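2 protein chains.
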Amino acid sequence: MQLIDGKAVAEQVKQEIAAQVAAMVERGEKRPHLAAILVGHDGGSETYVAAKVKACEVCGFKSTLIRFESDITEDVLLAKVAELNNDPDVDGFIVQLPLPKHINEQHVIEAIDYRKDVDGFHPINVGRMSIGLPCFISATPNGIMELLKRYNIETRGKKAVVLGRSNIVGKPMASLLMQKSNPGDCTVTVCHSHTVGIKEECLQADIIVAALGQPGFVKADMVKEGAVIIDVGTTRVPDATKKSGFRLCGDVQFDEVAPKCSFITPVPGGVGPMTICSLMKNTLLAGQKCIYE
Amino acid sequence: MQLIDGKAVAEQVKQEIAAQVAAMVERGEKRPHLAAILVGHDGGSETYVAAKVKACEVCGFKSTLIRFESDITEDVLLAKVAELNNDPDVDGFIVQLPLPKHINEQHVIEAIDYRKDVDGFHPINVGRMSIGLPCFISATPNGIMELLKRYNIETRGKKAVVLGRSNIVGKPMASLLMQKSNPGDCTVTVCHSHTVGIKEECLQADIIVAALGQPGFVKADMVKEGAVIIDVGTTRVPDATKKSGFRLCGDVQFDEVAPKCSFITPVPGGVGPMTICSLMKNTLLAGQKCIYE
Numbered sequence: 066m067q068l069i070d071g072k073a074v075a076e077q078v079k080q081e082i083a084a085q086v087a088a089m090v091e092r093g094e095k096r097p098h099l100a101a102i103l104v105g106h107d108g109g110s111e112t113y114v115a116a117k118v119k120a121c122e123v124c125g126f127k128s129t130l131i132r133f134e135s136d137i138t139e140d141v142l143l144a145k146v147a148e149l150n151n152d153p154d155v156d157g158f159i160v161q162l163p164l165p166k167h168i169n170e171q172h173v174i175e176a177i178d179y180r181k182d183v184d185g186f187h188p189i190n191v192g193r194m195s196i197g198l199p200c201f202i203s204a205t206p207n208g209i210m211e212l213l214k215r216y217n218i219e220t221r222g223k224k225a226v227v228l229g230r231s232n233i234v235g236k237p238m239a240s241l242l243m244q245k246s247n248p249g250d251c252t253v254t255v256c257h258s259h260t261v262g263i264k265e266e267c268l269q270a271d272i273i274v275a276a277l278g279q280p281g282f283v284k285a286d287m288v289k290e291g292a293v294i295i296d297v298g299t300t301r302v303p304d305a306t307k308k309s310g311f312r313l314c315g316d317v318q319f320d321e322v323a324p325k326c327s328f329i330t331p332v333p334g335g336v337g338p339m340t341i342c343s344l345m346k347n348t349l350l351a352g353q354k355c356i357y358e
Numbered sequence: 066m067q068l069i070d071g072k073a074v075a076e077q078v079k080q081e082i083a084a085q086v087a088a089m090v091e092r093g094e095k096r097p098h099l100a101a102i103l104v105g106h107d108g109g110s111e112t113y114v115a116a117k118v119k120a121c122e123v124c125g126f127k128s129t130l131i132r133f134e135s136d137i138t139e140d141v142l143l144a145k146v147a148e149l150n151n152d153p154d155v156d157g158f159i160v161q162l163p164l165p166k167h168i169n170e171q172h173v174i175e176a177i178d179y180r181k182d183v184d185g186f187h188p189i190n191v192g193r194m195s196i197g198l199p200c201f202i203s204a205t206p207n208g209i210m211e212l213l214k215r216y217n218i219e220t221r222g223k224k225a226v227v228l229g230r231s232n233i234v235g236k237p238m239a240s241l242l243m244q245k246s247n248p249g250d251c252t253v254t255v256c257h258s259h260t261v262g263i264k265e266e267c268l269q270a271d272i273i274v275a276a277l278g279q280p281g282f283v284k285a286d287m288v289k290e291g292a293v294i295i296d297v298g299t300t301r302v303p304d305a306t307k308k309s310g311f312r313l314c315g316d317v318q319f320d321e322v323a324p325k326c327s328f329i330t331p332v333p334g335g336v337g338p339m340t341i342c343s344l345m346k347n348t349l350l351a352g353q354k355c356i357y358e
């Protein structure tokens, strides 16, 4: 069993990005600039955005954090989105989700200029990914593809089971794994809350991507000997022994599953760090105008 | 075994559309208008476009057929697309594919205003479908969903195997079948040229959608007793006994597979008529401004 060290890969990718940024700046080009809008004070969102800002520093990006209180109106938020769309200094930006309930997240996502949509949530980017055209690919599935690539995990003709059909993980993950590419070319099955016989589905899988948000869902008796396990779960479980008062719990029962695997990602330190790293990669591409003019 | 009569369903749907159009016209509203661009004289394309024009008549739509010779430049074609985009009388239009090799099909597809893209090929419509937002859904998968609905075929929790991962059938079909909806909520597996053990995959399926373009690929020993079989194949096979010189051949070995099925679509007369019918449905929605303003 080989542990997939997402933290180490993420550091390496960020160093590669930093080297490219340094070369860009040396050539007199603009330093890529990522802006992030944070609404309210949700604990998880604060943590994620802080990590993104820090990652920008490591990569040599300019970053701007724009904060709003949670009682902001949708119109004011949309006005800020329009401002960032039109700001030539901003190469890409994100609106940290979730948003307060009185704001329609889909309106906000669609208001973002797809050429600056480094989260890859805009329908144009989702559609282009499905078709196989250059686009901003959403961060978590893109990070997982990068892990498969860097660990030279064979995917062609392998059977991949994706647990979960969310718009930001399950669906794009399935789309990327079935794509004519390397990594890719998997036979992909998507399972979800209505799936009958999920254990039998998992037992057939060479690769399982678990993105249900159900701590410890995948158990040893659901996993084939030698399978590759990618754990996307990051549920916060109360834990008095931790300074933060909680620990992150994956969708996989790591202790019992790991001995059966060829490769497995831990939680934390697996997929999580790669997600932010993918956002950095998208920001670099945005800064270089690699995907859109 | 029940034969799914796509021809009859398509007729019924077109009559329903015609009734709605008659009511619209009676209310003094504009008659929906579909335009089609046909480049060159490919036999298949001529047939499809003629059938679309005829279906427009049945539905009570205004239709316009715009013809170009196959040596048309991409620029001239794009200029026509722009003209149709800006023509307020045209509610929706299609550019019949395939196009001559010197024209980039993707450029043309992306040049079409997504609000008039009744073929549902524009990345915005593809992305919105994936996310589950209102959009123009591409015709063949949409027609298949309509058949499942009209025949009250249970899909929730069923195992669906999609054979083929094309952008116009396999991928959108998988997307629709896994969607939280009815029909939908299937556990979906997508198989393709790199799939290992395609027979075993098919044997597990409650529903098989065959869209490989390989005549007679699905045989009786690949099908579970009681399965639902949807045959998207329409390969032209030379046949001297036919006036046209060919016959349409499905991806399913109908004679041997049909006795094992609960439901099966024939070729011709199954999915084919529904494809044009879905285009009519999208044109109606475009005329009613139901999806986009």
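Quick mapping for you: the protein sequence lines, in order, are chains H and P.
Counting from 66, one number per residue, gives the positions in the first sequence under this note's numbering.
Counting from 66, one number per residue, gives the positions in the second sequence under this note's numbering.
Using N, Cα and C, we set each Cβ at its ideal position, and we do this for glycine too.
No experiment lies behind these values; they were computed from the predicted model shown.
Could you tell me which chain H residues have their CB closer than 8 Å to the CB of P/THR260, listed as they occur along the chain? For P/THR260, the neighbours in chain H by C-beta distance under 8 Å run, in chain order, GLY222, THR252.
Listed by chain order, chain H residues near P/ASN190 by CB distance under 9 Å: Within chain H, the residues near P/ASN190 are PRO188, GLY192.
Could you please tell me which residues of the stretch 229–240 of chain P, in chain order, have their CB closer than 9 Å to any CB of chain H? The residues in question are ARG230, ASN232, GLY235, LYS236, PRO237, ALA239, SER240.
What residues in its chain sit with their C-beta under 8 Å from that of H/ALA275, if we drop five residues either side in the sequence? The answer, listed in chain order, is LEU228, GLY229, PHE282, VAL283, ILE294, ILE295, ASP296, VAL297, GLY298, GLY315, ASP316, VAL317.
Given that a residue counts as buried once 16 or more other Cβ atoms are within 10 Å of its Cβ, and exposed if not, what is H/GLN67? When all chains shown are included, H/GLN67 counts as exposed.
Who are the neighbours of H/GLU266 on chain P, taking C-beta pairs under 8 Å? Chain P residues near H/GLU266: THR252.
Could you work out which residue in P/ILE218, P/LEU162, P/PRO237, P/LEU142 is closest to P/ASN207 when comparing CA atoms only? That would be P/PRO237, whose Cα lies nearest to the Cα of P/ASN207.
Unbroken stretches of the beta strand (DSSP E), 3 residues or longer, contained in the stretch 257–336 of chain H: Within the stretch 257–336 of chain H, the runs of beta strand (DSSP E) at least 3 residues long that lie entirely inside it are, in chain order, 272–275, 293–296, 300–303, 311–314.
Does chain H have any CB closer than 8 Å to the CB of P/CYS256? At least one chain H Cβ lies under 8 Å of P/CYS256.
Would H/VAL226 and H/GLU266 be called neighbours here (beta carbons separated by less than 8 Å)? Result yes, Cβ atoms of H/VAL226 and H/GLU266 sit closer than 8 Å.
Reduced DSSP secondary structure (H/G/I, E/B, other) of P/VAL234: Coil.
Taking 8 Å as the cut-off, does the stretch 185–199 of chain H touch the stretch 179–191 of chain P (at least 3 CB pairs, one atom from each stretch)? Touching, per the Cβ criterion.
Ranges of the alpha helix (DSSP H) found wholly within the stretch 170–200 of chain H, counting only runs of at least 4: For the stretch 170–200 of chain H, whole alpha helix (DSSP H) runs of length 4 or above, ordered along the chain, are 170–176, 188–196.
From what residue to what residue does the beta strand (DSSP E) around H/LYS224 run? Counting along the chain, the beta strand (DSSP E) containing H/LYS224 begins and ends at 224–228.
Could you check whether P/ALA176 and P/LEU143 sit closer than 8 Å to each other, using their CB atoms as the reference points? For P/LEU143 and P/ALA176, yes; Cβs fall inside 8 Å.
Per the contact definition of three or more C-beta pairs closer than 8 Å, is the stretch 337–345 of chain H in contact with the stretch 196–205 of chain H? Taking 8 Å as the limit for Cβ pairs, the verdict is that the stretch 337–345 of chain H does touch the stretch 196–205 of chain H.
Going along chain P in order, which residues have a C-beta closer than 9 Å to the C-beta of H/SER195? Listed along chain P, the residues sitting closer than 9 Å to H/SER195 by beta-carbon distance are PRO188, VAL191, GLY192, MET194, SER195, ASN232, LYS236, PRO237, SER240.
So that I know if they touch, is there some Cβ in chain H lying closer than 8 Å to that of P/LEU277? Taking Cβ atoms only, chain H never reaches closer than 8 Å to P/LEU277, which makes this a no.
Nearest-angstrom Cα distance between H/ASP84 and P/CYS251? Contrary to the premise, residue 84 of chain H reads as Ala rather than Asp in this sequence. If you take the alpha carbons of H/ALA84 and P/CYS251, they lie about 46 Å apart.
By a C-beta neighbour count over all protein chains shown, 10 Å radius and 16 as the cutoff for buried, is P/GLN77 buried or exposed? The residue is exposed, with fewer than 16 neighbouring Cβ atoms inside 10 Å.
Classify P/CYS342: buried if its beta carbon has 16 or more other beta carbons within 10 angstroms, exposed otherwise. It is buried - the Cβ of P/CYS342 has at least 16 other Cβ atoms within 10 Å.
Report the neighbours of P/GLY198 on chain H: residues whose CB is nearer than 8 Å to its CB, in chain order. The amino acid at residue 198 of chain P is misidentified as Gly; the sequence shows Leu. Going along chain H in sequence order, the residues near P/LEU198 (Cβ under 8 Å) are GLN171, PRO188.
Give the straight-line distance between the Cα atoms of P/PHE158 and P/CYS121, rounded to the nearest whole angstrom. In a straight line, the C-alpha of P/PHE158 is about 12 Å away from that of P/CYS121.
Please work out which residues of its chain come closer than 8 Å, Cβ to Cβ, to H/ALA359, disregarding the five sequence neighbours upstream and downstream, and give them in chain order. Residue 359 of chain H lies beyond the range of chain H shown here (66 to 358); nothing can be said about it.
Measuring CB to CB, does P/VAL90 end up less than 8 Å from P/PHE126? At a Cβ-Cβ threshold of 8 Å, P/VAL90 and P/PHE126 do not count as neighbours.
P/MET287 touches chain H at which residues, Cβ-Cβ below 7 Å? Going along chain H, no residue has its Cβ under 7 Å from P/MET287, so there is no contact; the nearest lies around 15 Å.
Just to confirm my understanding: we take H/GLN279, look at its own chain, exclude 5 residues before and 5 after, and list those with CB closer than 8 Å. What are they? Non-local C-beta neighbours of H/GLN279 in its own chain, meaning closer than 8 Å and more than five positions away in sequence, comprise GLY298, THR300, ASP316, ordered along the chain.
So P/GLY249 packs on P/MET243, CB below 8 Å; how close in whole Å? About 7 Å separates the CB atoms of P/GLY249 and P/MET243; that is less than 8 Å, so the two are in contact.
For H/CYS355, count the other beta carbons within 10 Å of its own beta carbon; 16 or more makes it buried, fewer makes it exposed. Which is it? Its Cβ having fewer than 16 others within 10 Å, H/CYS355 is exposed.
Within its chain, find whatever has a CB closer than 7 Å to the CB of H/ALA323; leave out the 5 residues flanking it on each side and keep chain order. Excluding residues within five positions, the ones whose Cβ falls inside 7 Å are MET66, ILE329.
Please tell me whether P/MET243 has its Cβ less than 8 Å away from any Cβ of chain H. P/MET243 counts as touching chain H.
Close-in-space but distant-in-sequence residues of the same chain around P/THR220 (CB under 8 Å, 5 per side omitted): Excluding residues within five positions, the ones whose Cβ falls inside 8 Å are LEU213, LEU242, ASN247, PRO248, GLY249, ASP250, CYS251, ILE272.
If you reduce the DSSP assignment to three classes, tell me which class P/THR138 lands in. The answer is coil: DSSP assigns P/THR138 none of H, G, I, E or B.
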